[in-house]
Amino acid sequence: MTDIKKGLAGVVADETAISKVNPETNSLLYRGYPVQELAATQPFEAVAHLLWHGELPTDDELAALRATERAHRTLTPEVIAAIDLVPLDAHPMDEVRTALSLIGAIDLAGRGSVLEASGSVEDNLERSIRLFAALPAIVAYGQRRRHGDEPIAPRDDLDYAANFLWMTFGVEADPVVVDAFNRSMVLYAEHSFNASTFTARVVASALSDLYSAVVAAVGALKGPLHGGANEAVLHIFEEIGDASNVVPWLDDALASKRKIMGFGHRVYKRGDSRVPTMKAALDTLVAHYDRPDVAELYDTLESEFVSRKGIYPNLDYPSGPAYSLIGFDILTFTPLFVAARVTGWTAHIMEQLGSNALIRPLSEYVGPDERHIEGYVPDPAVA
Ligand code: CMC
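FYI, the numbering for the sequence shown is 42 to 424, going by the working numbering.
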């Protein structure tokens, strides 16, 4: 009997130098640095550089990355028009997937056959920065058009996180809010061979182009067992209403064997290493917006669920309410995850291409035994 690892659980599929998840010590390192140290000290642009190049940027390197990022912040009229074609009641992840696909098609137009699709290291770095820079505009415009608002032009005097909030809300965010948002971007940036990153590596391993790999990863991230969980947490909060309703709600949910979104993890079984940092950011937002009710609901559901099931929160649990307090619509949460994780995806695509082997596992066939079409007479020439 073949030993099948359902969901590839526990399978080590390849090496990576990008991040290390250690469930034993409850730690997550990006290129050797603990993620909580990066979240507390680094702008998201510096973490993107770290993931792509392996080292934090010098001042000059950071300035150069910021200049390139600023140069690619504005969406072309074609991309705006493509976003406008997506029905307003479609999920924003479909909008993000469509916009990124068109950016790729425009960039790669006239670049020859599929044999050259995977591009050089320089091509892929440029493509990575292009997507990194465009995503805030895509996500911000998506939320704005659902409110009937026009897109807002980027501000060259603002760094990535502050400009992202500016383009979404049209007001300069308080530094406390910018800091909490920046931390969330850093925490979401990378997490080894999760489902979407592995998807991106599979596509890249066929020597397809970086844009195709990222678009495929967006599809994987949309699922509620992966990135869609941050959105699902807020739907749960809305269902529960307030802390006094947690116990009866949880009784019903567990009796009907519902999964409680924002809890559990394939790798971390004793707590997600990113949660304390994001919870601290959520606490600053709760204080800033004076919303103790949010903290009360958060704490009550966490303590009730952990005490009953021994399953701990993952990053989506604190990030969902944090994004809601900042003012993002619930449906925008997973696109925010894309804006962050595009850095990890693209770092992995480049790493995959650096020592590529086509990812092509085997399967155990369990279908019918060989059988034949009645009356079919084999052609002796091809039998
Ligand atoms: N609520 C209720 N029960 C749960 C939960 C949960 N959130 N998570 C795990 N369980 C139970 C599950 O029902 C199963 O019980 P039993 O053995 O009695 O059938 C047991 O725990 C093992 O669960 P599993 O789904 O087989 O474990 P897994 O390692 O495949 O799942 C997971 C990991 C993330 C898919 C799962 O915990 C889950 O569905 N969580 C809710 C969705 C969620 O929050 N996803 C975000 C993941 S973190 C962000 C990311 O990396 O994308």
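Heads up, the beta-carbon is just placed ideally off N, CA and C, and yes, glycines get one too.
Nothing here was measured: the structure is a model prediction, and the numbers come from that model.
Does residue i come out as helix, strand or coil in the three-state DSSP assignment?
i	result
V127	coil
N165	helix
F369	coil
P354	strand
S249	coil
S360	helix
Y406	coil
Y74	strand
Taking buried to mean at least 16 other C-beta atoms within 10 Å of its own C-beta, is residue i buried or exposed?
i	result
P354	buried
G303	buried
I170	buried
T66	exposed
M134	buried
G194	Note that residue 194 corresponds to Ala in the displayed sequence, not to Gly. Counting Cβ neighbours within 10 Å, A194 comes out exposed, since fewer than 16 surround it.
R138	buried
M42	exposed
D143	Inspection of the sequence shows that residue 143 is occupied by Leu rather than by Asp. Counting Cβ neighbours within 10 Å, L143 comes out buried, since at least 16 surround it.
A108	exposed
R72	buried
L399	exposed
R152	exposed
L126	exposed
V155	exposed
I124	buried
N63	exposed
E231	buried
G268	buried
K298	exposed
G183	buried
What are the start and end residues of the beta strand (DSSP E) that includes residue i?
i	result
Y71	68-71
V423	Looking at the DSSP string, V423 is not in any beta strand (DSSP E), and its letter there is neither H nor E.
N63	60-63
Grab the span of the alpha helix (DSSP H) containing residue i for me, first residue to last.
i	result
A321	316-330
F234	F234 -> no alpha helix (DSSP H), and no H or E assigned at all.
R299	Premise fails: R299 is in no alpha helix (DSSP H) and is neither H nor E.
R138	133-149
V274	270-281
L266	Per DSSP, L266 belongs to no alpha helix (DSSP H) and is neither H nor E.
M391	374-395
Report yes if the C-beta of residue i is less than 6 Å from at least one heavy atom of ligand 3; otherwise report no.
i	result
F304	The model on display carries ligand 1 but not ligand 3.
Continuous alpha helix (DSSP H) assignments of at least 4 residues falling wholly in the region 95-129: 100-112, 118-126
Within the region 177-208, ranges of the alpha helix (DSSP H) (whole runs, at least 4 residues): none
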